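**Q**
In UniProt numbering, the protein residues as written are 1 to 521.
1. Where residue 355 and residue 5 are concerned, what is the direct C-alpha to C-alpha distance, given to the nearest angstrom?
2. Extract the residue ranges of the beta strand (DSSP E) inside the region 155 to 187, only unbroken runs of 3 or more that lie entirely within it.
3. Is residue 281 helix, strand or coil by DSSP?
4. Give me the Cβ distance between residue 88 and residue 105, rounded to the nearest whole Å; I'm assuming they're in contact under 8 Å.
5. Contact check, residue 20 vs residue 29 under 8 Å by CB: the rounded distance?
6. Are residue 431 and residue 202 touching if we call contact CB-CB under 8 Å?
7. Under the assumption that residue 405 contacts residue 335 (Cβ atoms under 8 Å), give the Cβ distance between them as a whole number of angstroms.
8. How many angstroms separate the CA atom of residue 360 from the CA atom of residue 487?
9. Going by the CB atoms, is the gap between residue 54 and residue 85 shorter than 8 Å?
10. Run the CB neighbour count on residue 83, radius 10 Å, all protein chains shown included, and call it buried at 16 or more, exposed below.
11. Answer yes or no: do residue 449 and residue 518 have a C-beta to C-beta separation smaller than 8 Å?
12. How many Å lie between residue 214 and residue 171 at the Cα?
13. Here's the rule: buried if 16 or more other CB atoms are within 10 angstroms of the residue's CB, otherwise exposed. What is residue 455?
14. Using DSSP bridges, identify the partner residues of residue 409.
15. Going by DSSP in three states, residue 522 sits in which element: helix, strand or coil?
16. Are the beta-carbon atoms of residue 506 and residue 148 separated by less than 8 Å?
17. Contact defined as beta carbons within less than 8 Å: I believe residue 271 pairs with residue 238. What is the distance between those atoms, to the nearest angstrom?
18. Among the candidates 12, 515, 436, whose CA atom is the shortest distance from the CA of residue 472?
19. Starting from the N-terminal side, write out each stretch of the beta strand (DSSP E) that is 3 residues or longer and does not extend beyond the region 230 to 287.
20. Does the beta-carbon of residue 69 have 16 or more other beta-carbons within 10 angstroms, so that it is buried, or is it exposed?
21. Can you grab the Cα-Cα spacing for the pair residue 218 / residue 152, in whole Å?
22. If you draw a straight line from the C-alpha of residue 501 to the C-alpha of residue 451, how long is it?
23. Is the separation between the beta-carbon of residue 260 and that of residue 251 shorter than 8 Å?
24. For the region 227 to 247 against the region 325 to 343, do three or more pairs of beta-carbon atoms, one drawn from each stretch, fall closer than 8 Å, so that the two count as touching?
25. Quick check on DSSP: helix, strand or coil for residue 357?
26. Below 8 Å, can you find three or more Cβ-Cβ pairs linking the region 110 to 127 to the region 158 to 167?
27. So, with DSSP's three-state summary, where would you put residue 453?
28. Specify whether the region 481 to 495 and the region 360 to 371 touch according to this definition: at least 3 beta carbon pairs, one from each stretch, less than 8 Å apart.
29. Once the 5 residues before and after residue 342 are set aside, which same chain residues still bring their CB inside 6 Å of it?
30. Going by C-alpha to C-alpha distance, which of 498, 76, 97, 127 sits closest to residue 174?
31. For the region 121 to 160, which segments carrying the beta strand (DSSP E) assignment without a break, of at least 3 residues, lie completely within its bounds, in sequence order?
32. Can you tell me whether residue 66 is buried or exposed? The criterion is at least 16 other CB atoms within 10 Å of its CB, across all chains shown.
33. DSSP on residue 430, reduced to helix/strand/coil?
34. According to DSSP, is residue 218 part of a helix, a strand, or is it coil?
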């Protein structure tokens with residue numbers, strides 16, 4: 001939600017120019033994201049300055065953005081209160097003769113990446129703005145992504161570019177330091193009272209999350225895939241605001257496609273949603289097709305949506321019809337996830353002989369994939385990584401994302417529920433059943449995923465892209481993170497078939513990383 005350039009030991013006298021904050025000597029600049037749900041305030045005690053960019057909160061009037069003069073005691077109080085803001089934020093602190101400090105809020109709604117040169121700290125929610133600071137590839141982070149074992153940390157694919165994780169602070173005063181926060185403590189399942197109204201508590205937690213931001217005062221669309229998570233949030237908003245919110249989704253391929261259409265149709269007919277319903281066929285706008293920004297050579301972060309092309313088309317359609325906010329169901333999986341003790345399972349991303357393209361340096365780095373990761377947050381780390389994939393595409397189109405399942409109150413409710421309410425998403429299923437939706441919606445066991453879209457991309461579109469990569473070379477080859485001979489063998493197997501979802505699907509990440517490395521480096 002912020003772009004910045006901060007030069008320590010220069011002027012710390014800030015003014016608001018109508019677009020952003022600048023210092024008297026123009027050596028530092030902060031540009032908040034321009035959106036009705038984002039506000040910015042600043043205070044100064046004549047020496048220290050605190051600048052805050054944050055999500056708006058319903059029922060609270062926005063203050064004037066120009067820096068306000070306060071006493072030193074009032075400044076300290078303002079700094080304490082700023083960290084208690086109930087939605088997401090970014091804090092910037094400057095003082096004469098001191099390093100500058102940038103602290104991310106707890107929500108992770110918009111990513112914050114930073115880099116530095118000899119004089120200044122640079123930051124942005126769009127990694128492309130920092131491309132000139134990328135000096136190579138991180139073997140550990142590339143290895144994590146190649147085997148689908150992502151980790152939430154300050155490390156990114158590119159050496160020289162860092163992620164400011166939730167509640168972390170970036171400090172720059174000639175030398176650069178990233179400070180992790182203390183871990184957030186979590187609880188476990190509790191025993192329910194005999195008269196416990198679990199669905200009532202769920203609806204109340206949902207309402208609290210939805211009411212936190214004033215989405216009713218801006219043009220808002222609902223991401224309604226037909227699945228349990230977006231379906232639960234979307235139906236609640238339609239119930240509370242009849243005829244107010246239009247809907248949108250990407251249409252999948254494969255056996256689940258017909259079922260997705262049926263489920264969405266029933267939900268749309270049962271609850272009072274608004275027109276239009278934006279339904280984009282992901283197969284018609286497949287990832288890495290000729291129109292895809294990654295294929296063009298645009299600087300697209302490797303953390304952005306893997307289905308970049310169809311998601312961009314959907315986002316453009318929403319923006320064209322005036323949407324400024326999209327409400328999603330992201331985080332629903334993690335809210336009701338079972339623990340390892342409740343459901344023993346393999347960790348995600350196990351390397352095997354089925355991934356012959358993993359290069360020597362990447363294989364060596366896998367031993368250290370859990371090193372340096374961020375401490376536990378209020379929100380699950382996989383949810384935070386998911387939010388990071390969606391935000392840049394939406395924000396470029398002027399749309400702010402809202403994720404009710406990532407609200408700490410929703411997360412805590414999920415932690416407290418007994419296993420039988422979380423297993424197979426019983427919480428969401430029972431909520432949808434209470435609305436009168438049929439078993440076709442609430443008891444579905446049909447898999448609905450984009451696996452077939454990925455398969456289509458890899459088996460019909462990717463072949464010439466791999467051929468060009470193998471012919472022209474890649475930074476992934478140069479740094480021994482992808483083995484060209486192993487990749488050549490995998491591409492040959494992909495062409496000769498049969499397609500293996502576990503083993504072939506990961507090839508999409510190879511291309512996404514290749515295009516990112518080529519454009520950034």
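All C-beta atoms in this analysis are idealised placements derived from N, C-alpha and C, irrespective of residue type, glycine included.
Predicted model, so just to flag it, every value in this text is computed and none were measured.
**A** Reading off the structure:
1. 41 Å
2. 169 to 172, 176 to 179
3. strand
4. 4 Å
5. 6 Å
6. yes
7. 5 Å
8. 13 Å
9. yes
10. exposed
11. no
12. 33 Å
13. buried
14. The partner list for residue 409 (beta bridge, DSSP) is empty, contrary to what the question assumes.
15. With the chain represented from 1 up to 521, any question about residue 522 goes unanswered, as that position is not in the structure.
16. yes
17. 4 Å
18. 515
19. 247 to 251, 277 to 281
20. exposed
21. 32 Å
22. 7 Å
23. yes
24. yes
25. coil
26. yes
27. helix
28. yes
29. 419
30. 97
31. 121 to 124
32. exposed
33. helix
34. coil
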